[in-house]
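Student:
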Amino acid sequence: MIRAWEKGKATDTIYLDFAKAFDKEDHNILCHKIKRLGITGKVGLWLKEFLTGRYQKVSANGILSNPALVMSGVPQGTAIGPILFIIMIDDLDCNLIHSIASKYADDTRVTAKISNLEEAQHFQNELNEKIYTWGPANNMTLNGEKFEHLHVGNNLHQLKSNFTDPSGNIIKEKNYIKDLGVTISNRLTWARHAEEVVAKARIMSGWALRTFSTRKQEPMTTIWNTQIRSILDYCSPLWSPCPTDFKNIDLLEGTQRSFTRKIDNMEGLNYTERLKTLRMYSVQRRQERYKIIYIYKIKEGLVPNISESHGLHFSQRGWHGCVCIMSSYPLYHNKAITARNSSFALTASSLWNCLPKSIRGIAGISVDAFKRRLDKVVLKCPDEPRCSAIGIYTDYRTKM
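Position one of the sequence shown corresponds to residue 1 (UniProt numbering), numbered consecutively onward.
#1: State the CB to CB distance for the pair Leu37 and Ile89, rounded to an integer number of angstroms; the pair is presumed to be in contact (CB under 8 Å).
#2: Under 8 Å, do Ser282 and Asp375 count as touching if we go by C-beta distance?
#3: Could you tell me if Leu45 is buried or exposed, where buried requires 16 or more neighbouring beta carbons within 10 angstroms of its beta carbon?
#4: Spell out a yes or no on whether the stretch 98–117 and the stretch 126–140 are touching, meaning 3 or more CB-CB pairs, one atom from each, closer than 8 Å.
#5: Work out the CA separation of Leu346 and Asn125 for me, nearest whole Å.
#6: What residue does the beta strand (DSSP E) around Ile100 start on, and which one ends it?
#7: Report all residues from its chain with a CB closer than 7 Å to the CB of Phe147; omit the five preceding and five following residues, and keep chain order.
#8: Report yes if the C-beta distance between His27 and Leu47 is below 8 Å; otherwise report no.
#9: Count the other C-beta atoms from every protein chain shown that fall within 10 angstroms of the C-beta of Asp12, then say buried if there are 16 or more, exposed otherwise.
#10: Does the CB of Val198 have a neighbour CB from chain C at under 8 Å?
#11: Could you tell me whether the Cβ atoms of Ser161 and Ala120 are closer together than 8 Å?
#12: Could you pull the DSSP bridge partners for Arg109 from this structure?
#13: Smallest Cα separation from Ile29: which of Lys113, Leu84 and Ser343?
#14: CA-CA distance, Ile298 and Ser358?
#15: Decide if Tyr294 is buried, meaning its Cβ has at least 16 other Cβ atoms within 10 Å, or exposed.
#16: Who are the Cβ neighbours of Glu196 in its own chain at under 8 Å, not counting the five residues just before and after it?
#17: Note down the Cα distance separating Arg215 from Tyr271, rounded to an integer number of angstroms.
#18: CA-CA distance, Ile97 and Met204?
#19: Give me the Cα-Cα distance between Ile114 and Leu150, rounded to the nearest whole angstrom.
#20: Please classify His333: is it buried, with 16 or more other beta-carbons within 10 angstroms of its beta-carbon, or exposed?
#21: Would you decide whether His193 is buried or exposed? Buried here means 16 or more other CB atoms lie within 10 Å of its CB.
#22: Would you mind stating whether Val367 and Tyr296 have Cβ atoms separated by less than 8 Å?
#23: Could you give the uninterrupted runs of the alpha helix (DSSP H) lying entirely in the stretch 60–145, keeping only those of 4 residues or more?
#24: Any idea which residues DSSP pairs Asp26 with across the strands?
#25: Considering only residues of the stretch 265–311, which uninterrupted alpha helix (DSSP H) runs meet the minimum length of 4 residues and lie entirely inside it, listed in chain order?
#26: Under the assumption that Leu251 contacts Val198 (Cβ atoms under 8 Å), give the Cβ distance between them as a whole number of angstroms.
#27: Where does the unbroken beta strand (DSSP E) through Ser185 begin, and where does it stop?
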């Protein structure tokens with residue numbers, strides 16, 4: 001999206017909605033698709049037995065109906081349910097030319113890069129002819145009333161297009177959309193998401209402080225780590241503030257700052273001293289650490305290679321022959337510069353490249369082992385909010 005924006009293009013994304021998604025999966029069609037994927041033998045037979053041959057009854061005023069064979073849907077609450085749904089919609093994006101479909105269980109979106117009205121029309125035609133026709137052909141219902149449209153990029157008139165749902169109604173354009181738990185804005189900024197995350201963390205923090213009377217260090221840190229911290233950290237490598245975004249850094253830090261102040265024997269200590277005493281990272285340092293760990297996972301091939309989509313590439317010409325990560329985003333100065341500067345590509349690559357060579361050169365060990373080695377460096381560096389680890393690691397490296 002950022003690259004398209006920098007080049008003067010727009011990115012339009014249509015978020016689809018399946019009506020009663022997990023209840024509408026036709027067993028015959030699903031079993032056929034399972035077999036077509038090559039899932040046969042005992043596993044294929046087990047899946048067929050799992051899906052078919054179930055009966056249900058309806059109770060009304062204490063009277064039960066006759067049993068009826070269930071022809072669609074998967075049992076609620078099963079771990080395999082989302083996987084079966086992915087198999088069901090696996091061919092949704094077959095033969096797409098002008099757009100790309102991204103599928104995660106029933107959260108499905110279709111995206112196209114658009115630079116003129118002709119490309120916008122191609123996108124609409126593809127929606128009409130390939131996406132919207134898929135539903136009836138597979139006994140699935142697309143609920144157009146719940147479709148959402150996110151337009152990112154140039155707001156010139158020729159790039160602003162309305163798109164219609166299966167019924168021909170215009171899909172409502174949104175400034176913010178919740179995508180797999182992360183709020184994305186049409187300006188690719190994360191302020192709205194940070195506000196929502198902090199509000200949720202404050203509610204949970206208040207509940208914990210009202211529910212548990214103890215203020216001792218061990219139970220309080222356990223409550224923080226298990227009930228509240230994950231709210232602030234979810235998907236943070238993607239959206240955590242860049243080092244100069246002091247407003248959101250302070251906003252995120254405020255919840256942990258307030259919570260640690262209420263722990264026994266912490267009243268007279270400042271925030272930095274409390275963190276050191278409790279052996280906790282600041283929110284900023286913890287999120288920077290997550291980015292470094294994610295880069296290591298990419299380098300080791302433990303997670304999908306996102307180098308192309310995030311503008312990252314690996315270079316063997318780094319300091320001391322170590323593998324470095326550098327952003328390949330062109331440094332254009334236009335409206336996309338704020339989004340680019342806050343992107344994972346720039347912030348994560350800057351953090352990685354300033355690490356000591358003893359960390360950057362690590363390879364072939366488990367993620368847990370890498371974390372332990374990384375923490376030996378991180379714990380030796382001052383942890384003060386608003387003070388990015390980039391400069392600290394650079395100073396640390398030069399002193400070694």
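Cβ coordinates follow ideal geometry from the N, Cα and C atoms, glycine included. Just so we're clear, the structure is a prediction, and the values are computed from it rather than from any experiment.
Tutor: Result, derived from the coordinates:
#1: At roughly 13 Å, the Cβ-Cβ gap does not stay under 8 Å, so Leu37 and Ile89 are not in contact.
#2: no
#3: exposed
#4: yes
#5: 36 Å
#6: Ile100 to Tyr104
#7: Ile14, Tyr15, Leu16, Asp17, Asp165 and Ile171
#8: no
#9: buried
#10: In the displayed structure, chain C is absent; only one protein chain is listed.
#11: yes
#12: Tyr15 and Ser102
#13: Leu84
#14: 18 Å
#15: buried
#16: Thr183
#17: 17 Å
#18: 45 Å
#19: 13 Å
#20: For His333, the predicted model reports a pLDDT of 44, less than 50, meaning its position is unreliable; a value from the coordinates is still stated below. Label assigned to His333: exposed.
#21: buried
#22: yes
#23: 81–88, 117–126 and 134–137
#24: Ser72
#25: 271–278, 283–299 and 307–310
#26: 5 Å
#27: Val182 to Ser185
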